[in-house]
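Protein chains: 2
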Amino acid sequence: MKKRLTSLKDLAEELGISISTVSRALKNNPMISPELTIKIQELAAIKNYIPNPLAMGLLKQQTKMIGVIVPDLVTHFYSSIISGMEEVAKEKGYYIIIASSNESLEKEKESVNNLLKSRVEGLIVCISQQTNSFEHFEILIKNEIPLVFFDRVVESLEVPSVTVDGAEAAKNVTRHFYENGCRRIAYISGPEHLNISKNRKEGYLKGLQECGLKLIPDLLVECNLNAEEATLATRKLLSLNQIPDAIFGINDTIAFAAMKEIKKHKLPIPDDIALVGFTDEFHSTVVEPALTSVTHPTLQMGREAARLFFECIEKGKSFAEKLILPTKLVVRESSVKRLQKKTMQNVQ
Amino acid sequence: MKKRLTSLKDLAEELGISISTVSRALKNNPMISPELTIKIQELAAIKNYIPNPLAMGLLKQQTKMIGVIVPDLVTHFYSSIISGMEEVAKEKGYYIIIASSNESLEKEKESVNNLLKSRVEGLIVCISQQTNSFEHFEILIKNEIPLVFFDRVVESLEVPSVTVDGAEAAKNVTRHFYENGCRRIAYISGPEHLNISKNRKEGYLKGLQECGLKLIPDLLVECNLNAEEATLATRKLLSLNQIPDAIFGINDTIAFAAMKEIKKHKLPIPDDIALVGFTDEFHSTVVEPALTSVTHPTLQMGREAARLFFECIEKGKSFAEKLILPTKLVVRESSVKRLQKKTMQNVQ
DNA sequence: CATATTCATGCAAAGGTTTGCGCAAAGCAT
DNA sequence: ATGCTTTGCGCAAACCTTTGCATGAATATG
């Protein structure tokens, strides 16, 4: 076990020269004579020399590691974003260490600490739905440790971030419902302190207004972002005297839970109740009816977040670009009522 | 930028004592007088001292990092397994670095190299579907670098692994079909060189045999494990003169692609064609009809794989426990033909 | 009072790499 | 022959931690 890998020292000793010469030769430093350089490089190849990143990290004070904190790993949304990050991190020779907060503030704090302990160079974070205090991020800022938020951001902090235009998207969804004949449009929202909740709700209200609809308070429900609460929220909507003719779910967890619950009540989708969610490509197409949804450019979000991170590392200090990506409303079956079906053209 | 974190040296200088004293005091070494110990610990707390893992790694020759290679990250199956690994890695103070091979042998080799370069202490791997040469793993074994396989293993190598009993599961699925009145049971398999393909096919054949059915060669199709090929394979099955009355897909990708294609042909599931896949909990329940499936104990697989890994690190050398976990056939709607429905009891 | 014993602390090496600077030898010009 | 530059390489510091050994002082013992 633990067979030490070959080091510069090993090579130097074998050739009877100094370590520095070996180091330079390996980097084709012109200071070293060509013949010796070749000899050294050949031996290095044979001995399968690999520079020790620990030693380099110690010297250069960098670990080439990025800490990423997500609410969970098993959601396609996050794993897809992480894939995007990984792509650009790889190009830069960086690695990603993932920690999941499981939507818990405690675990999130713990993760920040742990990642810091293992000396990641910075953090890319999507805050948990419980996160309503931010000291653990303020410390990072004070110490000038690079930090980037994605999707769910702490708006009060001057930190680069990549999000989607939730207000615009939600407005469009509302109008889409309206154009499909819906008049009692319900919205299942998330915790008020999350930017995504706020933005999307705002868009929903704006949409109603633009369509000349009044907000019906019963149709705006708020719940935590998990399947259980979403199921309850949906059940509540379906038990109203006048049930909604459309439901808009703030994210995929909510949307699918709502779909299950509506089906359980034997209400046909979309004819009795139209349904739209914020989801990803894959899930939306696999369910029946195929779910109309606002799709996130997840890979791109991941790539951009990583890009911002590196910009942060390079520029240092007060750099706080806030990137807002557009979403796409992909109309599928779950929102197009039979009346309209003939005349609507199904995008994608 | 790059504000160096406080080191032992900083603390020592501030107190005008030696580094070693500080180091010892922080570990409550009785060698140091209680008063001084307290003074040192207090300062360390104020200065927010965190030991530098790079320095320790260099000293102890360990990085506390595990490399994990998966075919892809965005499949719930893998991300869920990784969650399990993370759980036990965390307990041991280890971190996980993920690399995805994208089902490509080239990328897999590259990942092995990259992870080795960053000095992970060992690897936990699910091989790509293309992987049919194993030098990159043999090197690891020769150098006694811990290696654990999960799900898809290289059977010719003496390496600890955790898999599921695919043969048993496939046999049960076949019998389940039979008991539901199916007689033309098709199976969409994966590349022959993968252990999972081999095992499950074997189970399928055994199941046919036990039910007194003969193998109909047309009903056994093989394809690569991606949605496109699975769609084609299904299409081929549906274009036979005598189409199957049941289809069994080797994994979730295949199963969902098959479902989409069957729906496209307007063939009712399960009445015309019963369908069963190897999938995870979540997806199976969200589709309609809910998919009967062999579910993997993904979290447990992850945990066990990590456990094996640590055992590997501790015991070193010739340790090659091969763990085989049981699966569960969860009967849902997609496989229970109307005839039988009344008498069948729906598990879960 | 001198030596042995204890106690508290510091020194230094090791782990691997990079790099500014120093040093020696050779080449060239004066 | 002397002085200067060039060439080619080694020394040593720095990054941070742990730990065996040495050092020094103070106390206890003979």
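In order, the protein sequences belong to chains A and B. Okay, so the first sequence: first residue is 124 according to our numbering, each after it adds one. Okay, so the second sequence: first residue is 124 according to our numbering, each after it adds one. Heads up, the beta-carbon is just placed ideally off N, CA and C, and yes, glycines get one too.
Coarse secondary structure for residue i, derived from DSSP in three states
i	result
B/Ser458	coil
B/Gly190	strand
B/Ala350	helix
B/Lys451	strand
A/Gly400	strand
B/Met124	Its pLDDT being 45, under 50, B/Met124 is placed unreliably in this model, and the value from its coordinates should be taken loosely. In this structure, B/Met124 counts as coil in the three-state DSSP scheme.
B/Ala443	coil
B/Leu131	helix
B/Ser234	helix
B/Lys392	Reading off the sequence shown, one finds Ile at residue 392 of chain B, where the question assumed Lys. In the structure shown, B/Ile392 sits in coil (DSSP, three-state: anything other than H, G, I, E or B).
B/Ser227	coil
B/Thr254	coil
B/Ser416	strand
B/Ser320	helix
A/Val296	helix
A/Phe260	helix
A/Thr466	Per-residue confidence for A/Thr466 stands at a pLDDT of 46, beneath the threshold of 50, marking its modelled position as unreliable; the derived number appears in the next sentence. In the structure shown, A/Thr466 sits in coil (DSSP, three-state: anything other than H, G, I, E or B).
B/Gln471	Low per-residue confidence applies at B/Gln471: pLDDT is 38, beneath 50, and the placement is therefore not dependable enough to give any value.
B/Glu278	coil
B/Glu437	helix
A/Glu291	helix
B/Glu315	coil
B/Asn266	coil
Chain B residues whose Cβ lies nearer than 9 Å to that of residue i
i	result
A/Tyr327	By Cβ distance, chain B contributes nothing, its closest Cβ being about 25 Å from A/Tyr327, past 9 Å.
A/Gln252	Chain B residues near A/Gln252: none, gap ~18 Å exceeds 9 Å.
A/Ile373	Under the 9 Å cutoff, chain B gives no residues; its nearest Cβ is about 18 Å from A/Ile373.
A/His199	Val197, Thr198, His199, Ser202
A/His259	Those within 9 Å of A/His259 in chain B number zero; the least Cβ separation is about 13 Å.
Per DSSP, cross-strand counterpart(s) of residue i
i	result
A/Ile247	A/Val191, A/Val271
B/Val409	Answer by DSSP bridge pairing: none, since B/Val409 is not bridged.
A/Ala222	A/Ile192
B/Ala429	BP columns for B/Ala429 are empty, so no partner.
A/Ala309	A/Ile370
A/Ser241	The partner list for A/Ser241 (beta bridge, DSSP) is empty, contrary to what the question assumes.
A/Val285	A/Phe273, A/Leu446
Interface partners of residue i on chain A, CB under 8 Å
i	result
B/Glu411	Lys386, Val410, Glu411
B/His299	Simply none; closest approach about 23 Å.
Contacts of residue i in chain B (Cβ-Cβ under 8 Å)
i	result
A/Gly180	Leu177
A/Leu239	Ile173
A/Ile220	Tyr218, Ile219, Ile220
Within chain B, partners of residue i - CB distance below 7 Å
i	result
A/Leu196	Ser202, Ile205, Ser206
A/Arg127	Gln184
Interface partners of residue i on chain A, CB under 9 Å
i	result
B/Arg242	Leu128, Ile173, Asn175, Pro176, Leu177
7 Å Cβ cut-off: residues of chain A touching residue i
i	result
B/Phe379	Val409
B/His316	Chain A residues near B/His316: none, gap ~26 Å exceeds 7 Å.
B/His419	Per Cβ cutoff of 7 Å: no residues; B/His419 is ~13 Å from chain A at best.
query = Can you list the beta strand (DSSP E) stretches of 3 or more residues lying completely in the segment 135 to 220 of chain A, in chain order?
reply = 188 to 193
task = State whether the segment 331 to 349 of chain B contacts the segment 407 to 415 of chain B, with contact taken as three or more CB pairs (one from each stretch) at a distance under 8 Å.
result = no
message = Extract the residue ranges of the alpha helix (DSSP H) inside the segment 322 to 385 of chain B, only unbroken runs of 4 or more that lie entirely within it.
response = Unbroken alpha helix (DSSP H) runs of no fewer than 4 residues, entirely contained in the segment 322 to 385 of chain B, are found at 350 to 361, following chain order.
query = Are the segment 193 to 200 of chain A and the segment 223 to 243 of chain A touching, with three or more C-beta to C-beta distances below 8 Å?
reply = Yes: at least three Cβ pairs fall under 8 Å.
task = Report yes or no: do three or more beta-carbon pairs, one from the segment 300 to 319 of chain B and one from the segment 364 to 375 of chain B, lie closer than 8 Å?
result = Segments in contact, yes.
message = With three or more C-beta pairs closer than 8 Å as the rule, is the segment 172 to 183 of chain A touching the segment 389 to 399 of chain A?
response = no
ask   = Do three or more CB pairs link the segment 200 to 216 of chain A to the segment 180 to 189 of chain B at distances below 8 Å?
value = no
message = Count Cβ pairs between the segment 448 to 457 of chain A and the segment 140 to 148 of chain B that sit closer than 8 Å; are there 3 or more?
response = no
key: Cβ contact (3+ pairs, closer than 8 Å) linking the segment 306 to 316 of chain A and the segment 353 to 361 of chain A   = Yes, since at least three Cβ pairs between the segment 306 to 316 of chain A and the segment 353 to 361 of chain A fall closer than 8 Å, the two stretches touch.
query = Is the segment 316 to 323 of chain B in contact with the segment 281 to 290 of chain B, if contact means three or more CB pairs nearer than 8 Å?
reply = yes
request  = Evaluate the contact criterion for the segment 259 to 279 of chain A versus the segment 225 to 245 of chain A: three or more CB pairs, one atom per stretch, below 8 Å.
outcome  = yes
query = Is there contact here, the segment 271 to 287 of chain B with the segment 425 to 434 of chain B, by at least three beta-carbon pairs under 8 Å?
reply = Yes, the segment 271 to 287 of chain B touches the segment 425 to 434 of chain B.
inquiry  = Is it the case that the segment 261 to 281 of chain A contacts the segment 237 to 251 of chain A, given that we only count it when at least three CB pairs across the two stretches are under 8 Å?
reply    = They touch, by the three-pair rule.
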